[in-house]
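First up is the structure itself, then whatever we jot down about it.
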Amino acid sequence: MINIPKPGKTKQELLNKLEGLKSELGKQVADNEVNIEKITDGYNVKAEKKVLFMTFYVDANIIAKDGNYEITWESNAPDSKVNEALEKVKEALEK
């Protein structure tokens, strides 16, 4: 789990920011099979990529709370690739 502090921001302000990031994230991961769906208090991002006979996946939730974002995920992809993707999301949310 990753927490991204946003002091002074309300849950609703952070949800509004997530709306804008939805399209940005969709463009960044266009070469993979990605589904971004609204869930209570945030978004669920599911991505899959098939490499030879293996299918790698990431299933992540980005939740807005008063004063911070919380990201949780489950994946069978290599840690280096997951960390790389999380850094991009984290950078976008810290703006």
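Taken in order, the sequence shown gives residues 797 to 891; the numbers are from my numbering. In this text, a Cβ means the ideal position worked out from N, Cα and C, and glycines have one as well.
*Kindly list the residues whose CB is nearer than 6 Å to the CB of Asp859, restricted to its own chain and excluding five residues on each side of it in sequence; keep chain order.*
Note that residue 859 is Ile in the sequence shown, not Asp. Exclusion of the five residues before and after Ile859 leaves Asp837, Gly838, Glu866 as the residues of its chain whose Cβ lies within less than 6 Å of its Cβ.
Backbone CA spacing between Leu889 and Val847 [nearest angstrom]:
C-alpha separation (whole angstroms): 29 Å.
| Residue span of the alpha helix (DSSP H) that contains Ala888, given as start and end | Taken as a continuous stretch (DSSP letters only), the alpha helix (DSSP H) holding Ala888 covers 875-890.
key: Residues bridged to Met850 [DSSP beta-bridge criterion]   = Met850 pairs with Val847.
### Query
Just reading off the beta strand (DSSP E) that Thr868 is part of, what are its end residues?
864-871 is the extent of the beta strand (DSSP E) around Thr868.
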